[in-house]
Amino acid sequence: MASRAFSFVNSAGRRLAGVLETADDTAPHAYALFAHCFTCSKASRAAVHVSRALAARGIATLRFDFTGLGDSEGEFGGGLSSDTGDLVAAAQAMHEAGMPVTLLVGHSFGGAAVIAAAGALPAVRAVATIGAPADAADVLGKIDVDLSRVPDDQSVDVDIGGRPFRLRADFARDVRAQNQHERIRTLGRALLIMHAPRDSVVGIDNATELFLPAKHPKSFVSLDDADHFLSRTADAAYAAAVIATWASRFIRSAPDAEAEAEPPLAGVRVAETGGGKFQVEVTATGPRFFADEPRDVGGLASGPSPYELLSAALGACTAMTCRLYAERKGYPLERVTVEIGHTAKTATAKDRFTRDIMFEGELDATQREGLLKIADRCPVHRTLAEGVEIVTHQVDAAAPPPAQTPDDHFVEMDEACVNCD
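First residue of the sequence shown? That's 650 in the numbering used here, and the numbers climb one at a time after it.
See the structure below:
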């Protein structure tokens, strides 16, 4: 990873200090800005990890200190309007340097700032927030004075993340005056909201308030048991990998997308993301998702493990086959639930899958017996029970080998239903 200083002048004439993260060996295909949290700087764990992970995926990212913070000039305390202006100035400076910004990423109060700045940056196509407040004023907590009667240069006491701060009254007034709800409703960009359910600084309800009024395309990703500041390296790395993968769908220019289009997908594609030790991105019919390993073996726990995916395949195929059979026979089957357990092989025993199936509906004993019988005929069950042949080739990245299509799979399930009494 290559890090180089990138400074620029904001609308007030103050020089702001930043670091531009790029990949060592490849030219960027897109550019992003990262906005740090209220009590942080460009050197925060979230800022560094997310920026570098984006750079590794070809998205060069600028992380910088807002006015009066870190290495930047000026006096801190201009409110959300000041941070928004700094982001706009940063984007303009990057554009003038031949690096047009198409992605904004904001952490906590920085999330509120990128939502506010997006409207002034028509080139931005996607916005991602991490632990962002729905209302910027909520960050300030309760203020025990009437702000309308306090002079601009007089300080007021606020509590942010359990830490006391003294801020100028004009800062607090500026934050209180922001209409973030209208901004999120009219954002007009792809939006990714990431939030930890146990966030004690900015509660998870804020994610709901942001997500519901936003227009599609919009996505929400839970950060599990991460804290607000992403203080654990694994949490910051996970957030970074998700943003990088999500953003790539929206921020490539049309010519680049055509030039770098992935080859047609004949089966399932699995590729490393660079996030954590094991994380991979799975591309199949429908949405993409991560596969990973648990934290106790060095993974990020960002998705199902390989054996959990195999168990899911057995469970899904079982439920689908039972559904097809019930419809063919006219059974009053309302719902199928399948729970799969897996025990790894030992020196004296093979791998073992256990399958518990629950059928809901007014089914008689004969119908239930028929459904259990057809469950053993589902294609994945038969594949696992009969054994498989795996043929491996080393191929050029632009030409993946053909694989079985989803249509072939459903033909097999239909045949299973037809051939079972």
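Glycine included, every Cβ here is placed at the ideal spot set by N, Cα and C.
These figures come from a predicted structure and were not determined experimentally.
Between Arg834 and Pro862, the CB-CB gap stays under 8 Å. Between Leu836 and Arg918, the alpha-carbon positions lie close to 33 Å from each other. In this structure, Phe899 lies near Arg774, with their beta-carbon atoms less than 8 Å apart. According to the DSSP assignment, Thr894 belongs to the alpha helix (DSSP H) that extends over Thr882 to Ile900. The beta carbons of Ala845 and His877 sit closer together than 8 Å. When the alpha-carbon of Asp873 is set against those of Ile779, Val929 and Cys966, the nearest one is in Ile779. Under the Cβ criterion (8 Å, minimum of three pairs), the segment 1008-1025 does not count as touching the segment 945-961.
With distances taken between CA atoms, Phe657 lies nearest to His744 out of Thr967, His744, Ala968 and Pro981.
Taken through DSSP and simplified to helix, strand or coil, Ser960 comes out as helix.
Between the segment 661-677 and the segment 706-724, the count of C-beta pairs closer than 8 Å reaches three or more; the two stretches touch. Linking Ala950 to Ala740 through their CA atoms gives a straight-line distance of about 34 Å. Linking Ala998 to Arg1031 through their CA atoms gives a straight-line distance of about 19 Å. The beta-carbon distance between Ala684 and Leu736, rounded to whole angstroms, is 6 Å. This is short enough to meet the 8 Å contact definition.
Looking from the CA of Gly979, the closest CA among Gly1019, Glu1035 and Val1029 belongs to Gly1019.
Its chain contains Gly780 and His877 as the residues whose beta carbon lies nearer than 6 Å to that of Asp848, once the 5 sequence neighbours on both sides are disregarded; these appear in chain order. Sequence-distant partners of Ala679 (beyond 5 residues in either direction) whose C-beta falls short of 6 Å from its own C-beta, in its chain, are Ile708, Thr751 and Ile900.
In the DSSP annotation of this structure, the continuous segment of the beta strand (DSSP E) that includes His844 starts and ends at Ala839 to His844.
Contact between Thr970 and Ala1024 holds: CB atoms are separated by about 7 Å, below the 8 Å threshold. Ala651 and Asp720 have their C-alpha atoms roughly 20 Å apart.
DSSP lists Val929 as the bridge partner or partners of Ala940.
About 16 Å separates the beta carbons of Ala893 and Arg694, which is beyond the 8 Å limit, so they are not a contact pair. Where His991 is concerned, there is no enclosing alpha helix (DSSP H), although the beta strand (DSSP E) around it starts and stops at Arg984 to Thr992.
Apart from the 5 residues on each side of it in sequence, Ala777 sits with its Cβ closer than 6 Å to the Cβ of Val754, Leu841 and Ile892 in its chain, given in chain order. A check of alpha carbon separations from Glu1011 across Ser690, Leu982 and Gly760 identifies Leu982 as the nearest.
When Leu963, Ser960, Ala896 and Val946 are compared, the shortest CA-CA separation from Ser700 is found for Ala896. Under the 10 Å beta carbon count, Lys994 is surrounded by fewer than 16 other beta carbons and is classified as exposed. Taking the C-beta atoms as reference points, Ile764 is found nearer than 8 Å to Arg832. When C-alpha distances from Glu1009 are compared across Asp784, Asp714, Glu930 and Ala968, the shortest belongs to Ala968.
In the structure shown, the three-state DSSP call for His1042 is coil. With distances taken between CA atoms, Val946 lies nearest to Ala883 out of Glu930, Ile1006, Val931 and Ala883.
Straight-line spacing of the CA atoms in Gly952 and Ala875 works out to 15 Å. When Arg977, Ile989 and Gly948 are compared, the shortest CA-CA separation from Cys966 is found for Ile989.
Around the CB of Asp1005, fewer than 16 other CB atoms lie within 10 Å, so the residue is classed as exposed. Only residues of its own chain outside the window of five on either side were considered, and among them Ala839, Leu840, Leu841, Ile842 and Phe860 have a CB closer than 8 Å to the CB of Lys867, listed in chain order.
In the three-state reduction of the DSSP assignment, Val850 falls in the coil class, being assigned neither a helical nor a strand state.
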